[in-house]
Structure formats: structure tokens, C-alpha cells
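Sequence order for the protein chains is A and B. Counting in my numbering, the first sequence runs from 1 upward without gaps. Counting in my numbering, the second sequence runs from 1001 upward without gaps.
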Amino acid sequence: MSEHHDDEMHEPTSFLTKYIWSQDHKVIAVQYSLTAIAIGLVALVLSWLMRMQLGFPGELEFIDQAAYYQYATMHGMIMVIYLLTAIFLGGFGNYLIPLQVGARDMVFPFLNMLSYWVYLIAVLVLVASFFTPGGPTGAGWTLYPPQSILEGTPGYDWGIILMLTSLVIFIVAFTMGGLNYVTTVLQARARGMTLMRMPLTVWGIFIATFMGLLAFPALFVSGVMLLLDRVIGTSFFVPEIMSLGETLDYTGGSPLLFQHLFWFFGHPEVYIVALPAFGIISDILSVHARKNIFGYRMMVWALLAIGILSFIVWAHHMYVSGMDPAFGFFFATTTLIIAVPTAIKVYNWVLTLWNADIHLTVPMLYAISFVLTFVFGGLTGLFLGNVVVDVPLSDTYFVVAHFHMVMGVAPVMVVFGAIYHWYPKITGRMLHNGMGQFHFWVTFIGTYAIYFPMHYLGFVGVPRRYFSYEDLEFIPQSANDLNEFITVAALIVGVVQIQFLYNLGWSYFKGEKAPANPWKATSLEWQTPQTPPVHGNWGKTLPEVHRWAYDYSVPGAPDDFISQNTPRQPFEKLEEAGEIDPDPTPLYPDTRGHTTAEETS
Amino acid sequence: MGFIKTIFSQPWLGDATATETVPGGNMGAGMRAPLKVKRTGLFIFMGVATALFGLFSIAYKMRMGMGGWTNLSDPAILWTNTYILVAGSIFMHLASRFSARGNMGAAKKAFIVGGLAGFAFLVGQYMAWQQLNAAGLYAQANPANAFFFVLTGLHGLHLLGGLYAWGLALFKTTSGAPAADTTASIKLCDYYWSYLLLLWLAMFAMLLST
Chain A
1 MSEHHDDEMH EPTSFLTKYI WSQDHKVIAV QYSLTAIAIG LVALVLSWLM RMQLGFPGEL
61 EFIDQAAYYQ YATMHGMIMV IYLLTAIFLG GFGNYLIPLQ VGARDMVFPF LNMLSYWVYL
121 IAVLVLVASF FTPGGPTGAG WTLYPPQSIL EGTPGYDWGI ILMLTSLVIF IVAFTMGGLN
181 YVTTVLQARA RGMTLMRMPL TVWGIFIATF MGLLAFPALF VSGVMLLLDR VIGTSFFVPE
241 IMSLGETLDY TGGSPLLFQH LFWFFGHPEV YIVALPAFGI ISDILSVHAR KNIFGYRMMV
301 WALLAIGILS FIVWAHHMYV SGMDPAFGFF FATTTLIIAV PTAIKVYNWV LTLWNADIHL
361 TVPMLYAISF VLTFVFGGLT GLFLGNVVVD VPLSDTYFVV AHFHMVMGVA PVMVVFGAIY
421 HWYPKITGRM LHNGMGQFHF WVTFIGTYAI YFPMHYLGFV GVPRRYFSYE DLEFIPQSAN
481 DLNEFITVAA LIVGVVQIQF LYNLGWSYFK GEKAPANPWK ATSLEWQTPQ TPPVHGNWGK
541 TLPEVHRWAY DYSVPGAPDD FISQNTPRQP FEKLEEAGEI DPDPTPLYPD TRGHTTAEET
601 S
Chain B
1001 MGFIKTIFSQ PWLGDATATE TVPGGNMGAG MRAPLKVKRT GLFIFMGVAT ALFGLFSIAY
1061 KMRMGMGGWT NLSDPAILWT NTYILVAGSI FMHLASRFSA RGNMGAAKKA FIVGGLAGFA
1121 FLVGQYMAWQ QLNAAGLYAQ ANPANAFFFV LTGLHGLHLL GGLYAWGLAL FKTTSGAPAA
1181 DTTASIKLCD YYWSYLLLLW LAMFAMLLST
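Structure, rendered in C-alpha cells:
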């Protein structure tokens, strides 16, 4: 059915149905993204406050111990769940899946709308905890019991209850969205869009969503049980315990059980964020290098392998938890094995750039910086994956540095790259290039200025989670100096993000008008009849797909790209019939488009 | 092995290598999702629910090995509830068979009985809760009790969701919606009722065995 009648489209007409209670995946994607960015800004400010305390202790008098732990907890949880997960799946997933597979919308548009509104409720519940007596929870973003629900931890009264409630609501929202993303990929692809012709962006989001649907239940289970321990006094996780001189009513609960459940969610969560990033980066690199992605099939297999392996590595977060040390060997092994498919992806990105026609646009700069940062953070992951190295480093700034490089900076680079890449399609305007370049270079150099020195701090044994390092003899002066430097860098990087938001707003009104396909890309979202695409995406006729998404610099083709909906060309048909040699010249050392007969003879 | 064949295809070559049959159907934006799309969504949801209850079961087993655990003697009414749920599932299946053969009158009757059995099961579960509370077996008294309340409560919530869908489908059978549409809705309820029955049997077996 590629015909579609106007009367079935039900184009919404009022402002409310068009922009607020919208069932259009593009509007929902923007709603998701703006909400995620807004709550992300809160987390950014919290990180400033923490850095002020660490770099210049005592300068801001309102930051006491409790406040510091509350900032740390909320910063972590917001960034991982409410910003990164929401923007990659709810934002980019919503916008790109239907457009890239050639569908008119998600398969369950009403459920999709509900997903956003439930997500918004989760965010509001979380924000509400800032305004309750006792403030938000300060239990650390992993919320380990028993301390997270006992008196003495900041936010014991209301903060922890609202946090757990918010997480449970978020998981409901994610499940509604996730069912849509997966079912749309499986059932609503355009004619000719086989699974192995999908852009890697869709593959990454697809597999990450599957993982989320299987991993978030673990957070749901631990969240519900912890909530019951706190609210009605069950003993799932809390053992017999003395608190503030009194024996509490709890008996025999297992804090370790919580850690297993939490990390059974928590480790896949890393890849729930990383796999969409991997996919998006593969596409951006390929488009801006004017070259097909190297090893497409291997990229898909690596995504699948990482997805499966990520479910059997969780306890590498628990080497110092007191679990059976024999487990450590198993989990160290699986952790190192996951480096294999990950390394395959990195090699393929680098080989895509090899001998390519690289255009250093802003999205491309972000894509390349992602590869660098991901390798950097990944390598320190090899250190921490080994039990004997992890034990001494586990409670130091080395972990903070590793985690922020691989899960903080790297995915955020992709978020930025993707926004610069798809903004012209979403709004019909180009983002201002000069502001973009400035934003990139300050962010890129700035984040390294923040996290590079933290590796050193870790090696000299500066413990993480400390509110203050004043008057501690084992902390060298160099560490205190570095902390000041890191704080200054963090403030600068933060300010530049505000300039980025200004660019988003300015370009929306004053930016240069974008052509339909400014990057000359092949995938379907650039081939829509209107830019930005209207309700229903494709007008009367759905696109029909004849090729994969990576036909760049094909020899014999008139342009250096052939879009996915272009029918087979005469020269290709001759190739397929075996009448001409598809590769008249050796592929190596140059790419097909560049080698000439004279050069090789 | 369709999936293996799929991921070994060579997408950079011509149309001939596009081995997999592609849906090609395409909807959204104001069109009703056809049965096969809804079925895919429902099956994936069942996968999510299975993961959820599977993780609860693992937590149950792990918590059993720790201190302060006293096994719960399960209320006898649970057996009655189980029979009711089995009956409801059978009626739902009959409704699906009748409607597939075009016998909408019989299908509607069986469909209503199947849904009412779902309600009866929920009432029965609530009575089991009250019996436990009356006996002083509150959730906070013992982790075994707490698991009982959590597992039955969550299973009940899933059934409530199913009853909402059942209500929508029932509206279709009375409001003169196209027969194919009604048949599809009944079929989906049939799947979900069978799934919730299996889920309950697994949970009940675990509760009984401990």
C-alpha cells in the first residue's frame, strides 16, 4: 500500500492538537528533546555548584555537606536517565525512526503522545523534590540501601520517595515509547527497506530500545521494593540495623540484592545510551566523509553483540561490594570480551575516514571528537574492568574521569553532532556555523581540561565523593591546584552551552534557510517533499527503497551520492547483469571514486 | 533461520540481494494499526512483563536465602481464583474461535464471560489480601508476605490493563465496528488472557513451592 488518501491523514488544525496534545512523532520528538535539555540545564548548574565547592571550598556558603551530596545525586540521575536516555530514544528515536524507515508516523501515535506526557510527569515529580522539606535525596545516584532510606541521609523524608516514584513513572513512559520504536521498525518500514538496508542510526536506536525494554524492569523491581522498604517498612533490602542509637524494625534484608538488581539495569543503561550514539555517529561520519560506512554488516553484528554481552557484565560495578570474589573473575572476563565488538566499531569508523573526502563541518567535528573521546574513556575502562586494578582505583577520581569521558562527554558530543546535523531538517534553517565552531572547540578542549587532570587525581589517591579536602595530609597541594583549574574549565564549558542554546534560538528565526538536503545525504529523511516534513511525512506516495543508505562516491554515478529511494541506474543494471566489471580498478589503496586507470597502470 | 539469513545479506549489492520480505505496509497518522502490528506490540509488551516478573522471581529466590524469612501458607481462595482465571482464559479463546468463524453472537457472549471472569479473579485476589491482613500477615511482618502482595498486586495491575482493552473491544462489538476490527481485538484479548494465565500459574507455583 503505497497510496495514501488525504482524508485518512487527519491533519491536526488547532494550535493545541498541533503543538501540545500532538500525536505527530516529530512534534513529540521536539517536546521530548526540549524537556530533556531543560532538566539537563538544572543538572549542569548542579555540577557548577559542586565544582565551586571542590575548587574553592567555602566560597559559596550555602553549600554544606548535605547540599553537596544532593547536588551529586541529582546531577548523576538527571544526566543519565532524564537527559541522555530521554533525548536519544524519546528525542532522536522519535524523530528519526519513522523518517528513516519511510513511515508516516509511529505505529501507535496515541501511546507515543502518552509516553511524552508521562515522561514530563516523571520530570516534574523529580523537580518537586527540590521543594520538599529536607530537599532532594543525597544518597548518591546509585541509591544504595540501607543508607539511602535511613535517617541521616539528606532527603530521607521526601527526597528519596519522590526520586523512586519518579523513576517508576519514567519507566512506564519509556515502555510506552519503546514499544512504539521497536514495533515501528519491525512493522512499518517502506517497501524495499529491508532490515539490512536501514541506516545504522535506526539499528542503534532499535537495539538500544530492546535493551531498555529488558533492563528497565530491573530498575522498576528495585525501585518498587526500595520504596516499600522506605514507606511501609518491609525488609527487602535493609538488614537488622542500628541507626542513631536505635535498633530499627528491619530484619534480614540484603543490600547486595539491590546492587545486583540496580546494576543489572545500570550496565545495559550505559549501552542504551551508547548504541544510539554509535549509530548516529556512523551515519554522520559516512555523510560528511562522502564515503560508505566501512563494514556495514560488521557494524550491525557488533551492535547486536554489544547488546547481548552488556547483560552479563553488570557485577564489574560491584568488585568492592563484598560479593563473592570468585564472581569477579567471570565478570572481568566478560567485560574484556565486550571490548572486541567495541573495538571493531572504532576500527570501522577510522577506516571510514581513511582516504575519505572529509568535510570538517560542525557535525563532523563532533563525530570525530566522539571517536577520540570514546577511545580515551574506553581504554581507562580496560583498567577498571580488571579486579586488581579496580580495587585501589575504585573510590578515586580515576573512576569519575573514566565515567565522564565514556558516558558523559562522548554521548553528549553525539547529541551535539546530531543536533547540528538534523537541525536543518527539523526547523528548515541552518544553525549558525561560526557559533557552532566556537561551541565545538571550547567544549572539546574544555572537557579534556576538566577530565584529563582527574586521571592524575585518581592516581595520587584523591578519593571521590568527598565534600572537602581541606586539612587532609594525604592530599598533595598539586591536587588542590588542579581542582581549582578544573573548576574554572568547568565553568567556561558550562557557559558555552548557553551560547549553544542561544544559537538554537537565534537560528530558528534568523538562520540561513536550509535546502531540503544540505549535506547531500542518502537516507530517506532528507528526501521528504517538504522541509521541515509535514504531518504524514511523505505526501501522497510513500517512498520506495532500492538501495542501502551508504551509496556515496559511487563510480559512474552523476552525483557523489545516490539517495535510498533512487531506482537502480542503467550502469548499475549492467553491473548486476555481469556485462561490465563493477570494479575496473583495484580498490586498494584508494577508494573507488578516486582511482583512475592512469594511476594504476 | 530467517534472521540469520537477513543479517548475512549484502545490502551494498543490488535489489537481488534484498533477501528478506519487507512489510511494505505502512500506516500511522490517523490510520488504524492492523492486527499484525498490534500483535507485534502486544508480544513485545509480554516480553517486558516476562522480564519484570522474572526479575521479581530471582529477587524472591535470593531474598529467601537471607534472614528473617518465614514461608507464607497461601490462602485457599487462591485455588478458586486460579480456576476462575483458567475458565476466563478458555472463554476468551472460545470467543476468538467463534469470531474467526463469523459467529459474532456466540463470540460476544463468550467474550463477556471471559472479561467478567477477569473481574471475578481480581475480587478473589482482593479477598485473599483481606484474609492475610485479618490474620496479621501484613507486608511488613515478613518478606515472604511482602513478595506475595507485590507479585499479586502487579499481576492484578496487568490484568486491569487487559480489562481496559477488553472494555474498548466490548464497545466495538456493540457499536457496529467492522467485523474484522472486532475479531482482531478479540484475538488480542485472547492472547493476553492466555499470557496472564501462564504468568499467574508460574507465580502461583513459585508461591506454593515455598
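Beta carbons are placed, not taken as given, at the ideal position from N, Cα and C, and that holds for glycine. Keep in mind the model is a prediction, meaning the values are calculated, not measured.
- K1038 (chain B) is not bridged by DSSP to any residue.
- Between the stretch 384-394 of chain A and the stretch 305-319 of chain A there are three or more inter-stretch CB-CB distances shorter than 8 Å, so the stretches are counted as touching.
- DSSP, read as helix, strand or coil, puts P255 (chain A) in helix.
- For A36 (chain A), the closest of A:Q70, A:M50, A:I121 and A:V406 by C-alpha to C-alpha distance is A:I121.
- Around the C-beta of K425 (chain A), 16 or more other C-beta atoms lie within 10 Å, and the residue is accordingly described as buried.
- Within chain B, the residues whose beta carbon sits less than 7 Å from that of P217 (chain A) are V1048, A1051, L1052 and L1055, listed in sequence order.
- Here the alpha carbons of I1090 (chain B) and F220 (chain A) stand approximately 32 Å from one another.
- The C-beta distance from T352 (chain A) to L285 (chain A) rounds to 5 Å, short enough to fall under 8 Å.
- Taken in chain order, no unbroken stretch of beta strand (DSSP E) lies wholly in the stretch 1030-1098 of chain B with a span of 3 residues or more.
- One alpha carbon belongs to G378 (chain A), the other to A401 (chain A), and they sit about 11 Å apart.
- For the stretch 194-216 of chain A, residues whose beta-carbon sits nearer than 7 Å to a beta-carbon of chain B comprise T194, L195, M196, R197, L213 and L214.
- Rounded to the nearest angstrom, the gap between the Cα atoms of I161 (chain A) and F216 (chain A) is 18 Å.
- Counting of Cβ neighbours within 10 angstroms places F485 (chain A) among the exposed residues, the total staying below 16.
- DSSP places M435 (chain A) in the uninterrupted alpha helix (DSSP H) bounded by N433 to F459.
- Residue nearest to E544 (chain A) within the set A:V496, A:I498, A:Y552 and A:E525 is A:E525 (criterion: CA-CA distance).
- Under the three-state reduction of DSSP output, E269 (chain A) falls in the helix class.
- Taking the Cβ atoms as the reference, W548 (chain A) lies roughly 13 Å from R189 (chain A), outside the contact range of under 8 Å.
- P1011 (chain B) belongs to the set of residues whose beta carbon lies under 8 Å from a beta carbon in chain A.
- For W422 (chain A), the enclosing alpha helix (DSSP H) stretches over residues A410 to T427.
- Under the three-state reduction of DSSP, M74 (chain A) is assigned to helix.
- Counting C-beta atoms within 10 angstroms of its own C-beta, Q477 (chain A) has fewer than 16 neighbours from the protein chains shown and is therefore classed as exposed.
- Contacts between W301 (chain A) and chain B, judged by CB atoms closer than 7 Å, involve I1007 in chain order.
- Residue contact check for Q1125 (chain B) against chain A: no CB pair falls below 8 Å.
- Not one beta carbon of chain A lies nearer than 8 Å to the beta carbon of A1180 (chain B).
- Scanning chain A for C-beta atoms nearer than 9 Å to the C-beta of G1162 (chain B) yields nothing, as the closest lies near 15 Å away.
- With respect to the C-alpha of P555 (chain A), the residue from A:S310, A:T487 and A:N292 having the closest C-alpha is A:N292.
- For the stretch 1061-1092 of chain B, the beta-carbon criterion of a distance under 8 Å to any beta-carbon of chain A is satisfied by M1062, R1063, M1066, G1067, G1068 and W1069.
- Using a 10 angstroms sphere on the CB of R429 (chain A), the tally of other CB atoms reaches 16 or more, which defines it as buried.
- At a cut-off of 8 Å between C-beta atoms, L228 (chain A) counts as an interface residue with respect to chain B.
- For R290 (chain A), the nearest beta carbon of chain B is not closer than 8 Å to its own beta carbon.
- Across the structure, L303 (chain A) and I1044 (chain B) are spaced so that their CA atoms are roughly 20 Å apart.
- Contact of T1183 (chain B) with chain A by beta-carbon distance below 8 Å is absent, the smallest such distance being about 19 Å.
- Residue pairing of Y552 (chain A) in beta bridges, as defined by DSSP: A:F561.
- For D560 (chain A), the closest alpha carbon among the candidates A:A173, A:G511, A:I368 and A:A356 is that of A:A356.
- In this structure, DSSP gives P463 (chain A) an extended state, which the three-state scheme calls strand.
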